[in-house]
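**Student:**
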Amino acid sequence: MAVREIKLCLLGDAGVGKSSLVLRFVCDTFNACSESTIGASFMSKTIEVNEQSYKYQIWDTAGQEKYRGLAPMYYRGAAAAIVVFDITREESFHTLKDWVKELQQLGPPNLVMAIAGNKSDLDEMREVSSHDARTFADSVDALFAETSALTAKNVLELFVEIS
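Each number in the working numbering corresponds to the 1-based position in the sequence shown with 799 added.
1. With which residues is Cys808 paired in a DSSP beta bridge?
2. So, for Ile881: in the same chain, excluding its five sequence neighbours on each side, which residues have a beta-carbon less than 6 Å away from its beta-carbon?
3. Give every residue of the same chain whose Cβ lies closer than 7 Å to the Cβ of Thr887, excluding the five residues on either side of it in the sequence, and list them in chain order.
4. In the DSSP assignment, what are the bridge partners of Thr845?
5. Helix or strand or just coil, what does DSSP make of Arg803?
6. Is Asp922 helix, strand or coil by DSSP?
7. Take Ala951 and list the residues in its own chain whose beta-carbon comes closer than 6 Å to its own, dropping the five residues that flank it on each side.
8. Indicate the three-state DSSP secondary structure (helix, strand or coil) for Ile961 in the structure shown.
9. Could you tell me whether the Cβ atoms of Ser819 and Ala948 are closer together than 7 Å?
10. Under 8 Å Cβ to Cβ from Val954, same chain only, skipping five residues before and after it: list those, please.
11. Would you give the residue range spanned by the alpha helix (DSSP H) that Val911 belongs to?
12. Under 7 Å between the Cβ atoms of Gly876 and Lys806?
13. Using three-state DSSP, classify Ala948 as helix, strand or coil.
14. For the alpha helix (DSSP H) containing Asp827, name the first residue and the last one.
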């Protein structure tokens with residue numbers, strides 16, 4: 800059976816854990832000292848789901864405002880996007896709504912969108928409720944998962960659900 804390729808991009812504020820999620824998915828590692836992405840980075844991984852192989856071509860975009868204008872270049876032609884926020888930073892959830900609106904207006908048609916509430920291992924510092932995040936995801940017809948790149952919670956499951 801042929802390998803299905805999925806171009807996927809990650810969007811969200813700086814520091815929400817986009818690169819850490821990609822590193823956890825692709826290499827099953829976590830680096831607590833990772834530095835900010837400049838522009839974008841690219842990684843790929845092939846997995847098998849229900850006897851079908853999927854090759855993820857993952858574009859991890861920089862979250863800093865100065866790189867925001869580059870994002871359309873990376874999500875153009877994408878089959879899926881994961882918009883990430885940090886559950887311990889309410890502001891990142893508000894900004895996520897802007898990313899979603901941009902994807903809805905400028906992203907490719909039929910884009911599979913997922914919202915990841917990252918850093919779920921820091922539940923005692925939570926500023927965004929799971930209920931609020933899920934309600935928003937449902938309102939924009941997006942998949943939703945609370946993830947932790949540190950513990951690997953729901954990381955693989957999120958990527959599998961996108962396939």
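Heads up, the beta-carbon is just placed ideally off N, CA and C, and yes, glycines get one too.
All of these numbers come straight from a predicted model, not from anything done at the bench.
**Tutor:** A quick look at the data gives this:
1. Trp858, Ala880
2. Leu809, Ala913, Ala915
3. Lys918, Leu921, Met924, Arg925, Glu926
4. Lys854
5. strand
6. helix
7. Arg823
8. helix
9. yes
10. Leu820, Arg823, Phe824, Thr946, Ser947, Ala948
11. Looking at the DSSP string, Val911 is not in any alpha helix (DSSP H); the run it does join, the beta strand (DSSP E), is 911-917.
12. yes
13. coil
14. Neither: Asp827 is in no alpha helix (DSSP H) and is coded neither H nor E.
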